[in-house]
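Single-structure report; data block below.
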Amino acid sequence: MRTKKEECIIDEMGRVSLPSLFMQLTKLETNDKVFLRSCDDWIIIDHRDENVPVPSHIFIRTINHMGRIVIPRSLRDDYELKPFDYVELYVIEQQIVIKKRDEKSTALSQKPAASPPYYATLTGRQIQLTSELLMSVGLDANTEVQFFINQKNNIVIQKYEMSFGKKTTLTFTAQSRKIDDRFRLTIPKKLRDEFSIHLGTMLKIKTGNKQLILEKVKNEKEISSVLSQQIDAAIFGELLK
């Protein structure tokens, strides 16, 4: 039975991030070895059966500790999949299947379609991000980033660069931090004080041109709606365990 469709982006190393819900539904775990094979328009990820001989057209790969898996180069070539192409993921029976997105793939270097905002609540000094969100703007775990202020007085985060004399409408805050290996990012105290961001503050995070744009959520109705969705998702996740 097919689940709700998910989308993700192939990164520069040919990896895709498997949605945690899909891994739960297929009973896959990080560090599992799996079979990858092609079937018509699909790339199929299936449980590895050690008792089954491995034909030449089937590949064995390992799901890494962050839930990512490398699509073999020959399969990427067969399906004309390139870094930063979008792919669709489904669960069918006990398999995760991948297909190149139906419409023309959108590279990050091109102007992407607007994506819905991501919401994060400040826990201590940090916000929790996701691998998919970071990947969509060319960031990753253990990447150092810089903080800027844009003309709308929002916080802008982008990859650390040593550049001088570069024309920009952004104001550099002289603040930088590193995204940790669990995709958490500390908001510098200077910015937390300036924007009155504290424990429990909800931030709306939008993606721009290789940027994350942070906006403090002040509308109580929006906060209530987001919290309700997060609670529903958490309950749904518990029911699946």
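The sequence shown maps to residues 20 to 260 in my numbering. Cβ coordinates follow ideal geometry from the N, Cα and C atoms, glycine included.
In or out: residue i buried (at least 16 other Cβ within 10 Å) or exposed?
i      : result
ASP97  : exposed
LEU218 : exposed
ILE82  : buried
MET32  : exposed
PHE41  : buried
GLN170 : exposed
ARG34  : buried
LYS240 : exposed
LYS24  : exposed
LYS223 : buried
Rounded to whole angstroms, what's the CA-CA distance from residue i to residue j? Just pull it up for me.
i      : j      : result
VAL53  : PHE202 : 25 Å
TYR105 : ILE174 : 27 Å
HIS66  : LEU47  : 8 Å
VAL156 : LYS178 : 9 Å
GLN114 : PHE166 : 41 Å
ILE29  : ASP212 : 37 Å
ILE216 : LEU94  : 46 Å
ASP159 : GLU112 : 31 Å
LEU153 : PHE214 : 23 Å
VAL236 : GLY143 : 17 Å
Assuming residue i contacts residue j under a Cβ cut-off of 8 Å, what Cβ separation, rounded to an integer in Å, is found between them?
i      : j      : result
GLN194 : LEU210 : 6 Å
MET146 : ILE206 : Sequence inspection shows Ile at residue 146; the Met mentioned does not correspond to that position. Rounded, the Cβ-Cβ distance is 7 Å, consistent with contact.
HIS76  : ARG56  : 6 Å
Do residue i and residue j have their CB atoms nearer than 8 Å?
i      : j      : result
ARG120 : GLU26  : yes
ILE79  : ILE62  : no
LYS44  : VAL110 : The sequence as given places Leu at residue 44; Lys does not occur at that position. In this structure, VAL110 lies closer than 8 Å to LEU44 by Cβ.
ASP200 : ASN161 : yes
ILE168 : THR140 : no
GLU163 : LYS197 : yes
MET85  : SER39  : no
Residue i: beta carbon under 7 Å from a heavy atom of the ligand SAM?
i      : result
GLY219 : As presented, the structure is devoid of all ligands, the ligand SAM included, so that no description of it is given.
Who are residue i's beta bridge partners in DSSP?
i      : result
ALA139 : LEU222
LEU94  : LEU94 is not bridged to any residue.
Is residue i close to chain C? Criterion is C-beta to C-beta, closer than 8 Å.
i      : result
VAL106 : Here there is only one protein chain, and chain C is not present.
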